[in-house]
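Chains as they are written, first to last, in this note's numbering: chain A, 1 to 283; chain B, 284 to 937.
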């Protein structure tokens, strides 16, 4: 099998190590695994592998554009990115081209809201072009958990602050959905600053956002995803067909304790993780 | 270039580096400091802009213009800030504080820019406002074009800052720098002068001493100071001056000694010369009286009838007397030349006058010797003293006759130097003069080949007199001679155009009457012998002679009505009388200027002068009868006192 990484970054390495560990524990020799980067794919060994594992959006994109005889498992990429790839390459998610998403299911995020901040009744969401599709599901999911959802559309190139101001004024929590049009390294600071000033905490989707000032976040580490990808790959090598795209099973909850303290909250990330996991295991 | 003395040079040497260093240091530090101030100012402007930009970020994100205005106003509180403007990404003004001095802004980019606005001279800083970048390192952003690493420009902050403070600080600093430089220069100059003086003063002191020594003040000494940097030089100088002084003193002593000796020698020589002159004068005077009388007697004697043998003796006697008189005359001439009493009276006259006289004087002597004397005629006029020129020619021609045994003597004139001069040449066919004697012959008493001192060959004074007289007249004298062939003496006399005949002085040569018979002559003579001789001579010329010893004897005669035609008086009379006064008294007694002449054996120049002043003729003893006769004739003919100048009496060798 071939592991194609977008690049040689630490996250990819971490995921690859976990993946290989899982495969080895399943009796797959590391000699049978070819590890390359997306750029190296074109000149890679011509032998037909039995499975391609793409780590990252770039690797997935390269594989999507290639004529492959083996099934592809895309991982370490957000759902929006996978769906965009499908649209662009004209493929359809199948057992031949499937994904293990990086982002968390909306249910998990809203469950965390209920667990961590039981007093919150309304949740605001900024929706860009990529996250637009989720808006309907999101509203339903929220309602099922007794939460009021306020969503504001942000036009491409338009100012974020107008919508943000509305959400901050009307809701008690800002739920950040991965959409680079809205949340990026340039905007995050001001968004966090605005939310902090309005004393509306943010629930983010990655540990970096938690470090940057989001109150808490739920996310899967590359190791957790790699490990899960390993399990899938092993099953496939043992003759199991690949599932359709799915969310990661394992996750962590991160809390920015400074922000929590500022807001007068006392949140235990470890406990929250456990409680959330337990909640999900319940039927 | 202007000459700089040592003081200026020292000052220059000390001050130039000081000035150079001071100015360079000042310039370097001022420039560096100005640069620092400027840099600090720019830095402050940039910092302020960054600060404002950073502070504006959230206000701009949140479009909070009130917040932005507050930030701008806050920035205005900084010194020198003239205006603060906060613009959005489109360049629209979100906030403005202060009065913007600039007209318009250039295109604002993503970079911080800084410039100086031309009309206002204000510094402008434009700082883009960018969103703070938070490193997310997130897998979610992968593959999404978010603008990459370039931060998103949200707007701009424009700050206008006046340079007033910078300029004033720079000016203050410049002033301070100049003050420090000037102070440094003054201090350096002061030090240079003070230190320089320590060196210059000794040098000047030494220079002064050297100058004084140079002027001859050898006694000057420099003070030797213990801290003098030129102490050794000073010591050496003092030593040198001392040596010089000693040497000079020694020299002066020797010179004084030598001078003393020289003076003694000179006095000795002068005394000798004086003695010689005195001897000559005395000898000639004392010899004159008897010779004078002797001449008179011999002349008288010759007039008496004698037999042939006696006549021959008398003739010889006359020749001897004449030789004796010649010698005395020559001595007299020399003594007068020595006394510098010979007066030259230059005038224009026909040369023929002198030549004619020469002919008359010498032809008989030449005939006696059997020689031919030819004096060529000349129509030229010359500028000279006729008497002195005659004396020269007479001497030269006389000498020529004396030293010629065969042949003849020729006197001829030739024009020279473009007819400006006439050269009067005296040729002889005599023994000639050897080369080695040609200069000696002009010395006194020098005679060639006359060691036996034959008196008939003269005393050897002739050429000396000729040379000195020619010098007196300014005529050049030349000698060309070859032994055994003959000699040519020549003298060059300036030629002048002839004067009209009327102005020619009458030559009293043609006499109205030659006869002196019956002429009344008064002789005043204290010497009985001389008086008797003279009276006897005059008597032989048939004059009526009265003799008086002096004025006392003469006055009674005159008082009795005796009026002589001529008075002949000795100059020096008994009892301190002198002939001049006597003559004047007698003239006064008679009532008219009776013709008179004086006779004297003295060669005293003062006497000659005073006689001339009194308008009397002075005859020097011994007076030759012929001369006396012609004088008396002339005096009587003129009928009054003669006015001709004192004549330089004869060296004629008739």
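Just so you know, even glycine gets a beta-carbon here, dropped at the ideal spot from N, CA and C.
Here the structure is a predicted model, which means the values were calculated and not measured.
Taking the DSSP output, what are the residues bridged to residue i?
{"i": "residue 777 of chain B", "result": "B:704"}
{"i": "residue 196 of chain A", "result": "Looking at the DSSP assignment, residue 196 of chain A forms no beta bridge with any residue, so it has no partner."}
{"i": "residue 173 of chain A", "result": "A:123"}
{"i": "residue 443 of chain B", "result": "B:366 and B:407"}
{"i": "residue 2 of chain A", "result": "A:34 and A:52"}
{"i": "residue 562 of chain B", "result": "Bridge partners of residue 562 of chain B: none, in fact."}
{"i": "residue 697 of chain B", "result": "B:706"}
{"i": "residue 906 of chain B", "result": "Residue 906 of chain B pairs with nothing; no bridge assigned."}
The alpha helix (DSSP H) that contains residue i, what's its start and end?
{"i": "residue 24 of chain A", "result": "10-25"}
{"i": "residue 644 of chain B", "result": "634-652"}
{"i": "residue 281 of chain A", "result": "269-281"}
{"i": "residue 311 of chain B", "result": "289-344"}
{"i": "residue 225 of chain A", "result": "222-237"}
{"i": "residue 592 of chain B", "result": "591-621"}
{"i": "residue 209 of chain A", "result": "207-212"}
{"i": "residue 89 of chain A", "result": "79-89"}
{"i": "residue 745 of chain B", "result": "745-756"}
Could you please give the first and the last residue of the uninterrupted beta strand (DSSP E) stretch that includes residue i?
{"i": "residue 803 of chain B", "result": "803-807"}
{"i": "residue 883 of chain B", "result": "879-883"}
{"i": "residue 148 of chain A", "result": "148-153"}
{"i": "residue 158 of chain A", "result": "Neither: residue 158 of chain A is in no beta strand (DSSP E) and is coded neither H nor E."}
{"i": "residue 720 of chain B", "result": "Residue 720 of chain B -> no beta strand (DSSP E), and no H or E assigned at all."}
{"i": "residue 629 of chain B", "result": "Unbroken run through residue 629 of chain B: none, as it is neither H nor E."}
{"i": "residue 252 of chain A", "result": "252-255"}
For residue i, I'd like the list of residues in its chain whose CB is within less than 8 Å of its CB, leaving aside the five on either flank, ordered along the chain.
{"i": "residue 44 of chain A", "result": "2, 34 and 36"}
{"i": "residue 382 of chain B", "result": "365 and 366"}
Tell me which same chain residues have a C-beta within less than 7 Å of the C-beta of residue i, skipping the five on either side of it?
{"i": "residue 198 of chain A", "result": "168"}
{"i": "residue 221 of chain A", "result": "252"}
{"i": "residue 725 of chain B", "result": "746, 747 and 750"}
{"i": "residue 365 of chain A", "result": "The structure shown has nothing for residue 365 of chain A, since chain A only spans 1 to 283."}
{"i": "residue 28 of chain A", "result": "234 and 237"}
{"i": "residue 488 of chain B", "result": "505"}
{"i": "residue 948 of chain B", "result": "There is simply no residue 948 of chain B to check, as chain B begins at 284 and stops at 937 in what is shown."}
I'd like the list of long-range same chain contacts for residue i, defined as Cβ closer than 6 Å, with 5 residues on each side in sequence excluded.
{"i": "residue 764 of chain B", "result": "715, 716 and 770"}
{"i": "residue 396 of chain B", "result": "409"}
{"i": "residue 390 of chain B", "result": "none"}
{"i": "residue 209 of chain A", "result": "217"}
{"i": "residue 826 of chain B", "result": "799, 802 and 804"}
{"i": "residue 112 of chain A", "result": "218 and 276"}
{"i": "residue 370 of chain B", "result": "376, 438 and 439"}
Under a Cβ-count criterion, where at least 16 other Cβ atoms within 10 Å of its own Cβ denotes burial, should residue i be classed as buried or exposed?
{"i": "residue 423 of chain B", "result": "buried"}
{"i": "residue 781 of chain B", "result": "exposed"}
{"i": "residue 747 of chain B", "result": "buried"}
{"i": "residue 775 of chain B", "result": "buried"}
{"i": "residue 904 of chain B", "result": "buried"}
{"i": "residue 579 of chain B", "result": "buried"}
{"i": "residue 478 of chain B", "result": "exposed"}
{"i": "residue 734 of chain B", "result": "Only weak support is given to the placement of residue 734 of chain B: the predicted model assigns it a pLDDT of 48, under 50, and the question is left unresolved by the model."}
{"i": "residue 738 of chain B", "result": "A caution first: residue 738 of chain B carries a pLDDT of 44, below 50, which makes its placement in the model unreliable, though a value can still be read off. Exposed, since its Cβ has fewer than 16 Cβ neighbours within 10 Å."}
{"i": "residue 800 of chain B", "result": "exposed"}
{"i": "residue 289 of chain B", "result": "exposed"}
{"i": "residue 701 of chain B", "result": "exposed"}
{"i": "residue 293 of chain B", "result": "buried"}
{"i": "residue 609 of chain B", "result": "buried"}
Along the segment 406-424 of chain B, what residues have a CB closer than 9 Å to any CB found in chain A?
-> 413, 414, 415, 416, 417, 418, 419, 420, 421, 422, 423 and 424
Against chain B: residues of the segment 181-195 of chain A by CB proximity under 9 Å = 181, 183, 184, 185, 186, 187, 188, 189, 190, 191, 192, 193 and 194
Between the segment 328-345 of chain B and chain A, which residues of the former have CB atoms less than 8 Å from a CB of the latter, in chain order?
-> 340, 341, 344 and 345
Of the residues that make up the segment 4-15 of chain A, which ones have a beta carbon closer than 7 Å to any beta carbon in chain B?
-> 6 and 11
In the segment 98-126 of chain A, which residues sit with their C-beta less than 9 Å from some C-beta in chain B, listed in chain order?
-> 102 and 103
The segment 43-65 of chain A: positions lying closer than 8 Å to chain B by Cβ | 56, 57, 58 and 61
Would you list, in chain order, the members of the segment 74-89 of chain A that have their beta-carbon closer than 8 Å to a beta-carbon of chain B?
-> 76, 77, 78 and 81
Residues, ordered as in the chain, of the segment 372-403 of chain B that lie near chain A by beta-carbon distance below 9 Å = none
Within 8 Å of chain A by C-beta, residues of the segment 435-457 of chain B in sequence order | 435
Can you give me, in chain order, the residues of the segment 201-233 of chain A that have a beta carbon less than 9 Å from any beta carbon in chain B?
-> 205, 206, 207, 208, 209, 211, 212, 213 and 222
Going along the chain, which residues of the segment 151-185 of chain A sit with their C-beta nearer than 7 Å to a C-beta in chain B?
-> 161, 178, 180, 184 and 185
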